[in-house]
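Visitor: Residue numbers (our numbering): 1 to 238.
Note that the Cβ used here is the ideal one computed from N, Cα and C, for glycine as well.
As structure tokens, then:
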């Protein structure tokens with residue numbers, strides 16, 4: 001556990017030693033802030049953060065792969081994965097530490113958006129329930145997106161390929177669970193809708209917290225992390 005925490009801390013710090021970390025945070029805050037100022041904080045609009053959460057789930061779709069694409073790809077490219085695996089560290093500690101580092105960076109990126117909540121409260125009286133639920137939903141979907149990105153990062157030393165692979169899978173899943181579900185019709189559409197990330201995150205934005213939705217995101221995230229560990233372990237067999 002200590003090893004994973006140490007790797008996570010090192011990984012989190014590494015984001016701020018290169019421009020990519022600052023650029024990702026700046027772009028996310030710029031785009032999300034623009035939507036909040038245009039659609040939320042203005043006279044006559046409901047005192048909710050629903051627009052922010054709706055926009056953020058799509059921004060995370062593009063941002064999360066940018067956060068995770070370097071996690072293992074960089075080690076593979078630089079040839080440092082072999083010495084890392086030859087160390088006393090377990091594959092679980094390596095992968096979990098990398099993943100936790102990305103999660104910490106995600107939390108760092110989301111933290112400044114609490115300013116939006118403060119501004120909204122200064123001009124209105126929003127219900128805190130949907131806001132808390134919305135942030136929980138963003139965190140959960142972020143965990144899933146980062147886990148998927150981690151898997152693709154473990155498969156290639158090319159960060160661009162890792163980014164595009166994760167992004168393609170997200171878009172494919174969105175198409176299958178939305179447009180595809182409409183095309184196939186009942187009864188298969190219900191199963192496809194049940195896999196929809198967008199529908200599940202929409203419940204959180206409305207202030208609805210269901211155990212099934214939480215279990216979906218956590219179990220799916222854990223599955224992708226486990227597969228990433230298997231991929232890393234498979235390198236020992238080569």
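Identify which residue in 71, 131, 233 has its Cα closest to the Cα of residue 206.
Guide: What you label residue 206 is simply residue 206 of the chain shown in a count that begins at 1. Nearest of 71, 131, 233 to residue 206, Cα basis: 131.
Visitor: Identify whether residue 71 lies in helix, strand or coil by the three-state DSSP scheme.
Guide: Here residue 71 refers to the residue found at position 71 of the chain shown. Residue 71 falls in the coil class under three-state DSSP.
Visitor: Does the pairing of the region 151-166 with the region 71-79 give three or more beta-carbon distances under 8 Å?
Guide: A contact exists between the region 151-166 and the region 71-79.
Visitor: How big is the Cα-Cα spacing for residue 176 and residue 32?
Guide: The residue labelled residue 176 in the question sits at position 176 within the chain shown. The residue labelled residue 32 in the question sits at position 32 within the chain shown. When rounded, the distance between both Cα atoms is 26 Å.
Visitor: Between the Cα of residue 110 and the Cα atoms of 64, 84, 96, which residue gives the shortest distance?
Guide: To locate residue 110, count along the chain shown from 1; it is residue 110. The candidate whose alpha carbon is nearest that of residue 110 is 64.
Visitor: Just checking residue 128 against the ligand COA - is the residue's beta carbon closer than 7 Å to any of the ligand's heavy atoms?
Guide: Looking at this structure, you won't find the ligand COA or any other ligand, since it has none at all.
Visitor: Can you confirm whether residue 219, when its beta carbon is compared against all beta carbons of chain C, has any partner nearer than 8 Å?
Guide: This model lacks chain C altogether; it includes just one protein chain.
Visitor: Below 8 Å on the Cβ atoms is my guess for residue 91 versus residue 229; work out the distance and round it to an integer in Å.
Guide: Your numbering for residue 91 matches position 91 in the chain shown. Your numbering for residue 229 matches position 229 in the chain shown. Contact holds; Cβ gap of about 5 Å.
Visitor: If contact is defined by three or more beta carbon pairs under 8 Å, each pair taking one atom from either stretch, is the region 4-24 in contact with the region 93-101?
Guide: A contact exists between the region 93-101 and the region 4-24.
Visitor: Can the beta-carbon of residue 219 be found less than 8 Å from the beta-carbon of residue 143?
Guide: Translated into the one-based positions of the chain shown, residue 219 becomes position 219. Translated into the one-based positions of the chain shown, residue 143 becomes position 143. In this structure, residue 143 does not lie closer than 8 Å to residue 219 by Cβ.
Visitor: Hey, which unbroken runs of the beta strand (DSSP E) at 3 residues or more fall wholly within the region 122-172?
Guide: With a minimum length of 3 residues, no continuous beta strand (DSSP E) run stays inside the region 122-172.
Visitor: Would you call the CB atoms of residue 141 and residue 197 closer than 8 Å?
Guide: As a first step, residue 141 is located in the chain shown; it is residue number 141 there, counting from the start. As a first step, residue 197 is located in the chain shown; it is residue number 197 there, counting from the start. Yes, these two residues count as a Cβ contact at 8 Å.
Visitor: Buried or exposed: which applies to residue 212, given that a residue is buried once 16 or more other Cβ atoms fall within 10 Å of its Cβ?
Guide: The residue labelled residue 212 in the question sits at position 212 within the chain shown. Exposed: under 16 other Cβ atoms inside 10 Å.
Visitor: Please classify residue 23: is it buried, with 16 or more other beta-carbons within 10 angstroms of its beta-carbon, or exposed?
Guide: In the chain shown, the residue the question calls residue 23 occupies position 23. By the 10 Å Cβ count, residue 23 comes out exposed.
Visitor: Just tell me which of 38, 199, 67 has its CA closest to the CA of residue 160.
Guide: Within the chain shown, numbered from 1, the residue matching residue 160 stands at position 160. Among 38, 199, 67, the Cα nearest to that of residue 160 belongs to 67.
Visitor: Determine the direct distance from the alpha carbon of residue 69 to that of residue 77, and round the result to whole angstroms.
Guide: Your numbering for residue 77 matches position 77 in the chain shown. Your numbering for residue 69 matches position 69 in the chain shown. Near 12 Å, if we compare the C-alpha coordinates of residue 69 and residue 77.
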